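Positions 49 to 216 (the working numbering) are the ones given, in order, by the sequence shown. Below: one structure, written as structure tokens.
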Amino acid sequence: MAGIFSFKCSSCEEIHEGSPSFAYRAPDPWLDQPDEVREAGKLGDDLCYYKDGDGYHYFARVILEIPIHGVTDPFMWGVWVSLSEKSYDHYIATWDEPEDGMGYFGWFCNRLPYYESTHSLATDVTPQPDGQRPTLTLHETKHELYEDFTHGISIEKAQKIAEICMHG
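Here you go:
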């Protein structure tokens, strides 16, 4: 495998080195809420919740890794998933010492550029030790993101997605 992902950007002509990594500051449903709902809720670096007319909604920030063919480090997405109240509470209670084999079901809550809608893809969240963000596993589905998660992406596709993320 190659050591470092590197490409000359077709938009800015600069050389970008290191596997791409892009993160979302908030789950999309949070961003869709009116100010009064967000002000009564909470958005942190790793956790989020709010209450609207449908009740409480809970979210955790996670890492989705997409292998890049021929490159050591994956394409990384820092995204949000929704969790049930029970899973959210357990996740918080065991943050410092996650239980081996414990995971949580969640729904994908960000729209990734390049891909057809990624909202509400079914996922499994796996907590990590030492305060690291949990990893995300996508449930099998007929979606390009799942195919990329399972089989990896070419260097060319990684570059194309990175350029979209950096330059629109």
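Each residue gets a CB set at the ideal place from its N, CA and C atoms; glycine is no exception. Keep in mind the model is a prediction, meaning the values are calculated, not measured.
* Asked: With distances taken from CA atoms, which of Tyr98, Leu186 and His138 is nearest Thr198?
  -> Each of Tyr98, Leu186 and His138 was checked against the Cα of Thr198, and the nearest Cα belongs to Leu186.
* Asked: Using the C-alpha atoms, what's the distance from Tyr136 back to Asp172?
  -> Roughly 13 Å separates the two Cα atoms.
* To do: Could you tell me if Pro175 is buried or exposed, where buried requires 16 or more neighbouring beta carbons within 10 angstroms of its beta carbon?
  => Pro175 should be labelled buried.
* At which residues does the alpha helix (DSSP H) containing Ile203 begin and terminate? -> In the DSSP assignment, Ile203 falls within the alpha helix (DSSP H) that extends over Ile203 to His215.
* Does DSSP classify Thr198 as helix, strand or coil? -> Looking at Thr198 - three-state DSSP - the assignment turns out to be helix.
* To do: Can you tell me which of Glu62, Met150, Trp78 and Arg109 puts its alpha carbon nearest to the alpha carbon of Trp125?
  => For the residues Glu62, Met150, Trp78 and Arg109, the minimum Cα distance to Trp125 belongs to Arg109.
* What is the residue span of the beta strand (DSSP E) that Ala108 lies within? -> Residues Gly103 to Ile114.
* Starting from Trp128, follow the beta strand (DSSP E) in both directions and report where the run begins and ends. => Start and end: Phe123 to Leu131.
* Segment limits, alpha helix (DSSP H) that includes Asp144 -> Annotation: Asp144 is outside any alpha helix (DSSP H) and is labelled neither H nor E by DSSP.
* Are the beta-carbon atoms belonging to Leu91 and Ala74 less than 8 Å from one another? -> Result yes, Cβ atoms of Leu91 and Ala74 sit closer than 8 Å.
* Count the other CB atoms, across all protein chains shown, that sit within 10 Å of the CB of Ser165; report buried if there are 16 or more and exposed otherwise. => Counting Cβ neighbours within 10 Å, Ser165 comes out exposed, since fewer than 16 surround it.
* To do: Could you please give the first and the last residue of the uninterrupted beta strand (DSSP E) stretch that includes Ala170?
  => Segment Ala170 to Thr174, the beta strand (DSSP E) holding Ala170.
* To do: Note down, in chain order, each residue of its chain lying with its Cβ closer than 8 Å to the Cβ of Asp100, except the 5 sequence neighbours on either side.
  => Excluding residues up to 5 positions away in sequence, Gln81 and Val85 lie with their Cβ nearer than 8 Å to the Cβ of Asp100 in the same chain.
* Residues that DSSP places opposite Gly154 in a beta bridge -> Answer is Thr171.
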